[in-house]
Amino acid sequence: MNKKICPWASTPLYEKYHNEEWGKPLHDDRELFEMFILEGMQAGLSWITVLNKREYMRKVFDNFDAVKIAKYTESKKQALLKDPGIIRNRLKINALVQNAKAYLEVKKEFGSFDKFIWQFVKGKQIINKFTDIKQAPARTELSDAMSKELLKRGFKFAGSTICYAYMQAVGMVNDHMTWCKEYNNLKRK
Numbered sequence: 001m002n003k004k005i006c007p008w009a010s011t012p013l014y015e016k017y018h019n020e021e022w023g024k025p026l027h028d029d030r031e032l033f034e035m036f037i038l039e040g041m042q043a044g045l046s047w048i049t050v051l052n053k054r055e056y057m058r059k060v061f062d063n064f065d066a067v068k069i070a071k072y073t074e075s076k077k078q079a080l081l082k083d084p085g086i087i088r089n090r091l092k093i094n095a096l097v098q099n100a101k102a103y104l105e106v107k108k109e110f111g112s113f114d115k116f117i118w119q120f121v122k123g124k125q126i127i128n129k130f131t132d133i134k135q136a137p138a139r140t141e142l143s144d145a146m147s148k149e150l151l152k153r154g155f156k157f158a159g160s161t162i163c164y165a166y167m168q169a170v171g172m173v174n175d176h177m178t179w180c181k182e183y184n185n186l187k188r189k
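By the UniProt record's numbering, the letter at position 120 of the sequence shown is numbered 120, and the numbering carries on one by one without gaps.
Given below as structure tokens:
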């Protein structure tokens, strides 16, 4: 593995995700919704589990189309719970549908999910200066505020730790190690 990248990127799949996605500012509403769902699906599991199942979940979850997901019936949810290709957890499947509904309400109110979610960092990536992975927090005051607002709006699997992981994933914060090649790549952008 590449020693010039964050130490958690320790497998080929993690390295690809690290180099191509993690920490890069994301502003596409559908992709922001997908990442929020995936972060919730990850709760209690390793991220590699999510990455391994992501392509299949895209197919089964209608490419994370919130309009379609919001209309999932009880029978559709039951069918999902029987599908070994996804993360089968009743609470997470129920949250998938509820989060799609909440997401659509936020889009209606703010014009885009991007505008709503990026307001927590005032529209600009926070650049941290961590030299050791142990320095990166599991949650912050900003993720606490985001969590509180999301939960108030009906989102599920939106605790502060999930919100901070989401902020890292979609590039609201740059938590690459300062010595990681991606740290300066993002800083330049």
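Just so it is clear, CB atoms sit at the ideal spot from N, CA and C, and this is done for glycine as well.
- Residue state for I117 is assigned as helix, using DSSP reduced to three classes.
- In the DSSP assignment, no residue is bridged to V106.
- Under DSSP, I126 forms a beta bridge with V173.
- S75: member of the alpha helix (DSSP H) spanning E74 to L81, first to last residue.
- In this structure, the CA atom of H27 is about 33 Å from the CA atom of K82.
- Secondary structure of K181 (DSSP, three-state): helix.
- W22 and K152 have their C-alpha atoms roughly 27 Å apart.
- The criterion of a C-beta distance shorter than 8 Å is not satisfied by A145 and Y164.
- The three-state secondary structure of N63, taken from DSSP, is helix.
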